[in-house]
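One structure is given below, encoded as structure tokens.
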Amino acid sequence: MMHKNSGRLLLGSLLLSSALLVMADPGQTTVATELKSTPDASGSTVSQLPAGQAVQIGERKGAWYQVKTSQGEGWVRMLNVRLQSGAARSGDSTMSGLAALGQATRSNTTVATGVRGLSRKNLQQAQEDPAEVAKLNQYQVSADEARKFGQAGGLPAPRN
Amino acid sequence: MKKLHSTIKIAAILSSVCLLSCAEMRGMNVGGYDLTPLADAGDKLAKGTAETPVQEEEVIGRHMAGTLLGASRLSNAQQQQRYVNRVGRLLTLSSSRPQLNWHFGVLQDNDVNAFAAPGGYVFVTSGLLNMLDNEAQLAGVLSHEIAHVTHKDYLKAVRNNNLLGAALDVGAFVGSAATNGQTSQQEREFAQSVVNASKEVYARGLDKSDEYAADKAALETMTKAGYDPYAYVVVMQKLEARATKDSAMALLLQTHPSPTDRLEAMGASLDTMKVPGNVLTLDKRFAQSVH
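Heads up: the sequence lines are chains A and B, in that order.
Heads up: the first sequence is residues 1 to 160, going by this note's numbering.
Heads up: the second sequence is residues 1001 to 1291, going by this note's numbering.
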């Protein structure tokens, strides 16, 4: 019984810590910027962050990132922050960005027409593939279907 | 067939002459062909600003998309293809050209990139799609490509490449005169000139000013459609963070301004925009459809 509970506890804390890891992406400020108490320019200022200040980025609200820094916690303008190189932000509250952390490998697949892949060289040697273009039709969506899709997601009726 | 070739030659020679004096060719008749359309074509060439009819734009776009798909391939992930088409088509309804025959496609490639072709073709690689977290981020990427279509950036680029513009207009002239089997030969020659131009344009990329304009339009279109425009800023920050030493980013970086410069321009655009408080990111729907 005890054993089972502690197992659950361990699993729970593992899940929690991985969630925390995902929620805290490393970054740094690109210019001197104010650390605000709320995601709002009119919020009170917690401290003045210098350019190059290391931050741990949490959630985003509009134009603001929630951050933890050595100067305190609060909100900074997202456009004054750069994500740390090599650590693609997995933010906006899903874990899907983890997929991006894996190093990408090129997908050059040899087929009848030669090597495929979207490098400059491959594009210069490309041969037209009309059959592949025809395949696009099966996925095409009508304006009506798109409108319903937007409505289902809670988006406003399109206007242009 | 020989007659056709000589017709093309005559047309080509006349059209170059016509650059100097098109007006004089109007109403002229050579070997049974009325030269007025050729005079018009020459006028277009000389000005370099002619509007391409939508039908012609679609044909060019189909060959251009075919060239891109010749270098890559469509993903077999049908649910993703359908989802990207839904989001994309929805965005086009907030664009300036909602009536085009829009097609969207996911390319099976770990490279991080997105492309468009005239007439309403938009592509995103699986490598880029897998980096995204929500529907609003995807909307940003697709809106950028939709803007290249509505701004006719790729159309202008292929027309400016290797006198394709001349091939187009001469093609229209010969096409109107040719009969039976001759048309397909003429079409093949035309298609090949589009494919040749497309290869160069995709490898070289568009003008940097086109990219900045597409970013600005993307922010506006996605906001109009109800998506959070700052999600597109997140995409650009992800690209910025990945920019160094990543071979999957090579072509994108070769053909676009740096993500850092684009972020600065996007910041300036957002400063002048009114963003409603109720814009959405739609994380759950994206996760269910893509991952």
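For each residue, glycine too, the CB sits at the ideal point set by N, CA and C.
Note that the structure is a prediction, hence the values are computed from the model and not measured.
Review point. Who does residue 1260 of chain B pair with in a DSSP beta bridge?
Key: Residue pairing by DSSP places residue 1260 of chain B in no beta bridge whatsoever.
Check your understanding: Measuring CB to CB, does residue 132 of chain A end up less than 7 Å from residue 1068 of chain B?
Key -> Between residue 132 of chain A and residue 1068 of chain B, the C-beta spacing is not below 7 Å.
Review point. Pairing CB atoms from the stretch 1137-1147 of chain B with CB atoms from the stretch 1210-1226 of chain B, are three or more of them under 8 Å?
Key: Touching, yes, given that three or more Cβ pairs across the two stretches are closer than 8 Å.
Point to revise | When B:1260, B:1195 and B:1188 are compared against residue 1212 of chain B, the one with the closest alpha-carbon | key: Nearest option by C-alpha distance: B:1260.
Review point. Do residue 1098 of chain B and residue 1057 of chain B come within 7 Å of each other at the CB atom, strictly closer than that value?
Key: Not closer than 7 Å, so no.
Exercise for review: Helix, strand or coil for residue 28 of chain A, going by three-state DSSP, please let me know.
Suggested key: Residue state, collapsed to three classes: strand.
Review point. In chain A, what lies closer than 7 Å to residue 1203 of chain B by C-beta?
Key: The contacting residues are 120, 123 and 124.
Check your understanding: Excluding five sequence neighbours on each side, which residues of the same chain lie with their C-beta closer than 8 Å to the C-beta of residue 68 of chain A?
Key -> Spatial neighbours of residue 68 of chain A in its own chain (CB-CB distance under 8 Å, excluding positions within 5 residues in sequence) are listed in chain order as 24, 55, 56 and 58.
Exercise for review: Pull up the DSSP beta-bridge partners for residue 1106 of chain B, would you.
Suggested key: Paired residue(s): B:1124.
Check your understanding: Per DSSP, which one or two residues make a beta bridge with residue 73 of chain A?
Key -> Beta-bridge pairing links residue 73 of chain A to A:68.
**Study point:** Cβ shell of residue 1136 of chain B (< 6 Å), same chain only, five flanking positions each side left out
**Key:** The residues are 1227, 1228, 1231 and 1281.
Practice item. Examine chain B for any beta-carbon lying closer than 7 Å to the beta-carbon of residue 133 of chain A, and answer yes or no. Key: Yes, because at least one Cβ of chain B sits closer than 7 Å to the Cβ of residue 133 of chain A.
Point to revise | Within 7 Å, strictly: CB atoms of residue 1106 of chain B and residue 1087 of chain B | key: In this structure, residue 1087 of chain B does not lie closer than 7 Å to residue 1106 of chain B by Cβ.
Exercise for review: Under 8 Å between beta-carbons, which chain B residues line up against residue 145 of chain A? List them in chain order, please.
Suggested key: Going along chain B in sequence order, the residues near residue 145 of chain A (Cβ under 8 Å) are 1086 and 1089.
Check your understanding: Within the 7 Å Cβ cut-off, does residue 1216 of chain B reach chain A?
Key -> Cβ-Cβ to chain A under 7 Å: no for residue 1216 of chain B.
Check your understanding: For residue 1199 of chain B, which residues in chain A fall below 7 Å Cβ to Cβ?
Key -> Those within 7 Å of residue 1199 of chain B in chain A are 123, 124 and 126.
Practice item. Please classify residue 1 of chain A: is it buried, with 16 or more other beta-carbons within 10 angstroms of its beta-carbon, or exposed? Key: Any reading at residue 1 of chain A needs caution, since the residue's pLDDT is 42, under 50, leaving its predicted position unreliable; the model's value is listed next. Label assigned to residue 1 of chain A: exposed.
Check your understanding: What's the C-alpha gap between residue 138 of chain A and residue 1081 of chain B?
Key -> About 9 Å.
Exercise for review: Go ahead and label residue 66 of chain A buried or exposed: buried means 16 or more other beta carbons lie within 10 angstroms of its beta carbon, across all protein chains shown.
Suggested key: Under a 10 Å Cβ-count criterion, residue 66 of chain A is classified as buried, with 16 or more other Cβ atoms of the shown protein chains found around its own Cβ.
Practice item. Grab me the residues of residue 33 of chain A's own chain with a C-beta within less than 7 Å of its C-beta, minus the 5 sequence neighbours each way, in chain order. Key: Sequence-distant partners of residue 33 of chain A (beyond 5 residues in either direction) whose C-beta falls short of 7 Å from its own C-beta, in its chain, are 49, 76, 77 and 80.
Check your understanding: Any idea which residues DSSP pairs residue 1200 of chain B with across the strands?
Key -> When DSSP reads this structure, residue 1200 of chain B sits in no beta bridge, so it has no partner.
Point to revise | Residue-level contact to chain A via CB, residue 1282 of chain B, 7 Å cutoff | key: So yes, residue 1282 of chain B belongs to the interface.
Check your understanding: Three or more C-beta pairs closer than 8 Å, one from the stretch 1152-1161 of chain B and one from the stretch 1191-1207 of chain B: is that the case here?
Key -> Result yes; three or more Cβ-Cβ pairs closer than 8 Å.
Exercise for review: Look up residue 1267 of chain B in the DSSP assignment and say whether it is helix, strand or coil.
Suggested key: In the three-state reduction of the DSSP assignment, residue 1267 of chain B falls in the helix class.
**Study point:** Chain-ordered chain B contacts of residue 141 of chain A [CB-CB under 7 Å]
**Key:** By Cβ distance, chain B contributes 1085, 1086 and 1089.
Review point. Is the Cβ of residue 1072 of chain B closer than 7 Å to any Cβ of chain A?
Key: So, interface residue.
Practice item. Please list the segments of the alpha helix (DSSP H) lying wholly inside the stretch 1194-1244 of chain B, counting only runs of 4 or more residues, in order along the chain. Key: If only complete runs of 4 or more residues are kept, the stretch 1194-1244 of chain B shows the alpha helix (DSSP H) at 1208-1224 and 1230-1242, in order along the chain.
Exercise for review: Could you tell me which of A:45, A:61, A:41 and A:82 sits nearest to residue 51 of chain A, measuring between CA atoms?
Suggested key: The candidate whose alpha carbon is nearest that of residue 51 of chain A is A:82.
Check your understanding: Ordered along the chain, which non-local residues of its own chain (more than five positions away) have a Cβ less than 7 Å from that of residue 1270 of chain B?
Key -> Excluding residues within five positions, the ones whose Cβ falls inside 7 Å are 1219 and 1229.
**Study point:** Interface partners of residue 52 of chain A on chain B, CB under 7 Å
**Key:** Residues of chain B with a Cβ closer than 7 Å to the Cβ of residue 52 of chain A do not exist, since the nearest Cβ in that chain sits about 15 Å away.
**Study point:** residue 47 of chain A: first and last residue of the uninterrupted beta strand (DSSP E) it sits in
**Key:** Unbroken beta strand (DSSP E) run through residue 47 of chain A: 45-49.
Review point. Between the stretch 29-45 of chain A and chain B, which residues of the former have a C-beta closer than 9 Å to a C-beta of the latter?
Key: Contact annotation: in the stretch 29-45 of chain A, residues whose CB is within less than 9 Å of a CB in chain B are 30.
Review point. Is the CB of residue 1151 of chain B under 7 Å away from at least one CB in chain A?
Key: Residue 1151 of chain B does not count as touching chain A.
Exercise for review: Could you pull out every residue in the same chain whose Cβ sits closer than 8 Å to the Cβ of residue 45 of chain A, ignoring the five residues on either side in sequence?
Suggested key: Closer than 8 Å at the Cβ level, and outside the excluded window around residue 45 of chain A, lie 34, 35, 36 and 37.
Check your understanding: Going straight from the alpha carbon of residue 1188 of chain B to that of residue 127 of chain A, what length do you get?
Key -> Roughly 14 Å separates the two Cα atoms.
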